[in-house]
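Participant: I have a structure here, written as structure tokens, and I will follow up with some questions on it.
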Amino acid sequence: MTTSENNRVIIPSELIGSLPRSAELVEAQRTHKDGELTTDQLALLQENDLRNVLFELERTGSIQLTDGELTKPSFFNYPIYELAQYSFSFDDDHVITITYSNEHMQRSIPKLIKAPFCYATFAVDYLKTAQKYTKYPLKQAVIAPSVLSLVYTDETIENYSREQFLDDLINEAEKDVRQCLEAGADKVQLDLFSKINLNKNLLKQFIEINNRMLDRFNENEQKKLGVHVCSDYDEDNKCSSELDYFEILKDIFQLHLNNFYLQLSSEKDPERILSLISKLLQPHHRVFIGVINPKNQHVETAEEVRDQVLKAAKYIPLEQLGTTDDCGFSPYNDDESITREKCYDKIRARIQGTKLAEDILNEIL
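When we follow our numbering, the leftmost residue of the sequence shown carries the number 22, and every step to the right adds one.
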């Protein structure tokens, strides 16, 4: 339980992770890709942008910060991005496509063509850079190993079985998480997106793969681990997955960690989801409900957030409740669908609205 000296229950409020890159940084990335800007010049611009973001996040009232994932190519391909042209192929018919209906865009997961599988970049690098510019606690987002397992679905690499691949993947994923914990991350959040055509068998495989990695951490370490899951529904409430969010959550709570960051604000029937959560919740769990919709240009008011928290408190014990955003604001480095200023306003509303609900709920304890 998070309490102060007078036993007041505190409702923690955390970012998911990503924020939009500045227009200058997006342009610099394009220039760098075209060979007109050196890597060192780009890195300097990225760090300047990072410094500004951390300063502005502090001003929102956030107690825990993230680096905004400003220097990641994307939230899921950062470990293998530097190896793309050497060990992966985007040309095969079996490449998996992620479709974002509401954003009318697609992203591809490449296919591994060269063994062994390994990471080129670890998330601790992003964490250490951010630590240079803030004394606030930092959450570090990492990609769940289950997502990266999709780069090798068929045994097509000679003398390299899928089980050998999974062993290598789990070892690298563990290292990705453990290095962040050892470097002082306040939380490490696994990103497990559902923008792929999930079926029951694939979801079961996802849970098993993630738990193989999570079981390498002790109970105290698992208290600092969390998972972020968002729905696959678009604005018309259509789902491209065989399983809907309700069904996915039933299995997600089998993951061997303590913190769950769940989309809720944009759900058509949030009380249906909350009722399910109340049945799945274990004593060691904390659920951070999404009270901000990053896909919507509307800036929520503190009162709107307050009301969502009060509703959730009818289903989730106060000492196990937290708030967050439904998802990251900008998971890809070229995403300019929302302004950074609007993100700050939304974050500020989440912080203030959570505090309003916290005051009310503590009065009736």
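Glycine residues also receive a C-beta, built at the ideal position from the N, C-alpha and C atoms.
#1: Alpha carbon to alpha carbon, what distance is there between Gln152 and Tyr365?
#2: How many whole angstroms separate the CB atoms of Thr344 and Ile385, which I take to be in contact at a CB cut-off of 8 Å?
#3: What is the DSSP secondary structure of Phe281, counted as helix, strand or coil?
#4: Is the distance from the Cβ of Ile101 to the Cβ of Tyr140 below 8 Å?
#5: Please report the distance separating the alpha-carbon of Leu71 from that of Arg361.
#6: Can you give me the Cβ contacts of Glu357 inside the same chain, cut-off strictly under 7 Å, excluding the 5 residues immediately before and after it?
#7: Just checking: is the beta-carbon of Ser358 within a distance shorter than 8 Å of some beta-carbon in chain C?
#8: So, are the CB atoms of Leu235 and Leu246 less than 8 Å apart?
#9: Buried or exposed for Lys289, going by 16 or more other Cβ atoms inside 10 Å?
#10: Count the other CB atoms, across all protein chains shown, that sit within 10 Å of the CB of Tyr107; report buried if there are 16 or more and exposed otherwise.
#11: For the alpha helix (DSSP H) containing Asp212, name the first residue and the last one.
#12: From the DSSP output, in three-state form, read off Gln85 for me.
#13: In the DSSP assignment, find the beta strand (DSSP E) that holds Leu71 and state where it starts and stops.
#14: Reducing DSSP to helix, strand and coil, say where Val320 ends up.
#15: How many Å lie between Asn28 and Ile273 at the Cα?
#16: Determine the burial state of Pro304: buried for a count of at least 16 other Cβ atoms within 10 Å of its Cβ, exposed for fewer.
#17: Helix, strand or coil, according to DSSP, for Asp346 in the structure here?
Facilitator: From the atom records:
#1: 20 Å
#2: About 18 Å; that fails the 8 Å criterion.
#3: strand
#4: yes
#5: 12 Å
#6: Pro41, Val47
#7: Looking for chain C here will not work: only one protein chain is present.
#8: yes
#9: exposed
#10: exposed
#11: From DSSP, Asp212 is part of no alpha helix (DSSP H) but of the beta strand (DSSP E) over 208-212.
#12: coil
#13: Where Leu71 is concerned, there is no enclosing beta strand (DSSP E), although the alpha helix (DSSP H) it sits in stretches over 60-80.
#14: coil
#15: 31 Å
#16: exposed
#17: strand
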